[in-house]
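K.L.:
Would you mind keeping the following structure in view while I ask a few things?
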Amino acid sequence: MNSVSRIAIAMTFCLVTTPSFAANITSAHSFTTLPSFVTLAASKSGKEGKKDKKAAKEAEKEAEKAAKDAEKAEKEAEKAAKEAAKEAEKAAKEAEKAAKEAEKAAEEAAKEAEEAEEEAAEEAAKEAEEAEEEAAEEDDDREMGPEDDSDGSTDQNGTAPDTSDPTGSTEDGDTAKESNSGSSDESTSDTPDVTVPPLPLPPVALPPVAVPPLTVDLDNKVQESREKLDGMRSKIADHRDAESILKLRRLRGEITQDEYKTQIRRLREQEAFAVLKMKKLQKSTRSLK
Numbered sequence: 001m002n003s004v005s006r007i008a009i010a011m012t013f014c015l016v017t018t019p020s021f022a023a024n025i026t027s028a029h030s031f032t033t034l035p036s037f038v039t040l041a042a043s044k045s046g047k048e049g050k051k052d053k054k055a056a057k058e059a060e061k062e063a064e065k066a067a068k069d070a071e072k073a074e075k076e077a078e079k080a081a082k083e084a085a086k087e088a089e090k091a092a093k094e095a096e097k098a099a100k101e102a103e104k105a106a107e108e109a110a111k112e113a114e115e116a117e118e119e120a121a122e123e124a125a126k127e128a129e130e131a132e133e134e135a136a137e138e139d140d141d142r143e144m145g146p147e148d149d150s151d152g153s154t155d156q157n158g159t160a161p162d163t164s165d166p167t168g169s170t171e172d173g174d175t176a177k178e179s180n181s182g183s184s185d186e187s188t189s190d191t192p193d194v195t196v197p198p199l200p201l202p203p204v205a206l207p208p209v210a211v212p213p214l215t216v217d218l219d220n221k222v223q224e225s226r227e228k229l230d231g232m233r234s235k236i237a238d239h240r241d242a243e244s245i246l247k248l249r250r251l252r253g254e255i256t257q258d259e260y261k262t263q264i265r266r267l268r269e270q271e272a273f274a275v276l277k278m279k280k281l282q283k284s285t286r287s288l289k
């Protein structure tokens, strides 16, 4: 039922049920004006209906447009979310790769540091062994006593050996023989050749070289140096024992890797210092001999 029908029914109802309203209508207008009134009302209601339809269409268009915009925005948001997820995944992969590279570099650096420490320890051990060998050789030389530096220039009695030629052939004798032979040529052939033997040189007695004995003070200094060397050797041995104990504790898990490296580095520095000090003591001991 449209609006015109509703208006007509309403007016008919009012005319039938309300006498005052019908009287007013009949008094103001004749019954011939009723169709015009109905026509006017119908035209107004038709215009309003068209406006309502137009507004409804516009609202429907706006709704469709809003729905399309919302769908478009949703698609864009979904696309942006996918791109963000891809970027996040890419960043995570790069971060993981960088972490692996950093871990690898740290392992290589730790390995190089450990190798350097091992090389330093080996060098210190070699130097300590060389120093111990030198000290042992010095001890052996000291036990064997001083070497005889004499060149045989004197005998047991302090006299020089006879270096004269037992045959008596010397340069002076040869010269005299030549002169005698020349003079014999000038003289008559009946004169026999006369050879004058050279006079033997008297032995020259050289005083023996006196070797001054070591004083008591010097003996005490040598003994003190030897005791210091023994102390340094025992200290180096203690350092090596401590390194072995630290390695065992590290294998048992009693200390961490960082603590192990720190203590090993400190022990090796002390061992290198002890080796240098022992070498200085050996040099000073040699100078005292």
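The UniProt record's numbering puts the first residue of the sequence shown at 1, with every later residue one more than the last. Just so you know, even glycine gets a beta-carbon here, dropped at the ideal spot from N, CA and C.
(1) Can you give me the C-alpha to C-alpha distance between LYS72 and GLU101, rounded to a whole angstrom?
(2) Put ILE9 into one of helix, strand or coil per three-state DSSP.
(3) Alpha carbon to alpha carbon, what distance is there between GLU127 and ALA109?
(4) Where does GLU255 fall in DSSP's three states?
(5) Can you determine whether any heavy atom of the ligand NAP sits closer than 7 Å to the C-beta of SER234, and answer yes or no?
(6) Measuring straight from C-alpha to C-alpha, what distance separates LYS54 and ALA67?
(7) Would a C-beta distance cut-off of 8 Å place ALA124 and ARG268 closer than the cut-off?
(8) Assuming TYR260 contacts LEU246 (C-beta within less than 8 Å), just tell me the rounded distance between them.
(9) By Cβ distance, which residues of its chain are closer than 7 Å to GLU87, with the 5 residues on each side in sequence left out?
(10) Count the CB pairs spanning the region 73-93 and the region 233-245 that are closer than 8 Å, and state whether there are at least three.
(11) DSSP three-state label for THR159, please.
(12) Might you give, ordered along the chain, the residues of its own chain that have their beta carbon closer than 7 Å to the beta carbon of GLN270, omitting 5 neighbours on each side?
(13) Thinking C-alpha only, which one of ARG252, GLU122, GLU132 is nearest GLY231?
(14) Rounded to the nearest angstrom, what separates GLU96 and LYS283 at their Cα positions?
(15) For the candidate residues GLU83, ASP258, GLU130, ARG250, whose alpha-carbon lies nearest to that of ARG233?
(16) Do LEU229 and LEU281 count as a contact pair if the criterion is CB distance below 8 Å?
(17) Since ILE264 contacts GLU117 with CB under 8 Å, what's their CB separation in whole angstroms?
(18) Taking the alpha-carbon positions, what's the GLU134 to ALA274 distance?
(19) Drop a sphere of 10 angstroms on the beta-carbon of ALA121, count the other beta-carbons inside from all chains shown, and report buried for 16 or more, exposed for fewer.
P.N.:
The short version:
(1) In this structure, the alpha-carbon of LYS72 lies about 43 Å from that of GLU101.
(2) Three-state result, ILE9: helix.
(3) CA-CA distance, ALA109 to GLU127, rounds to 27 Å.
(4) Looking at the sequence provided, one finds Ile at residue 255 rather than Glu. In the structure shown, ILE255 adopts coil according to DSSP, grouped into three states.
(5) This structure lacks the ligand NAP, and indeed carries no ligand of any kind.
(6) Going by the C-alpha atoms only, they are around 20 Å apart.
(7) Between ALA124 and ARG268, the CB-CB gap stays under 8 Å.
(8) Indeed, because the Cβ distance is near 6 Å, the residues count as touching under 8 Å.
(9) Excluding the 5 residues flanking it on each side, GLU87 has no same chain C-beta neighbour closer than 7 Å.
(10) Put simply, the region 73-93 does not touch the region 233-245. Fewer than three CB pairs are less than 8 Å apart.
(11) Bear in mind that a pLDDT of 46 at THR159, under 50, signals an unreliable position, so the number given afterwards is only what the model happens to contain. If DSSP states are grouped into helix, strand and coil, THR159 belongs with coil.
(12) Excluding sequence neighbours, GLN270 sits near HIS239.
(13) Taking each of ARG252, GLU122, GLU132 in turn and checking the Cα distance to GLY231, the smallest one comes out for GLU132.
(14) Going from the Cα of GLU96 to the Cα of LYS283 covers about 58 Å.
(15) Taking only the C-alpha atoms, the option nearest ARG233 is GLU130.
(16) In this structure, LEU281 lies near LEU229, with their beta-carbon atoms less than 8 Å apart.
(17) Cβ atoms of ILE264 and GLU117 come within 8 Å of each other, at about 7 Å.
(18) Going by the C-alpha atoms only, they are around 15 Å apart.
(19) Looking at its Cβ environment, which holds 16 or more other Cβ atoms inside 10 Å, ALA121 is buried.
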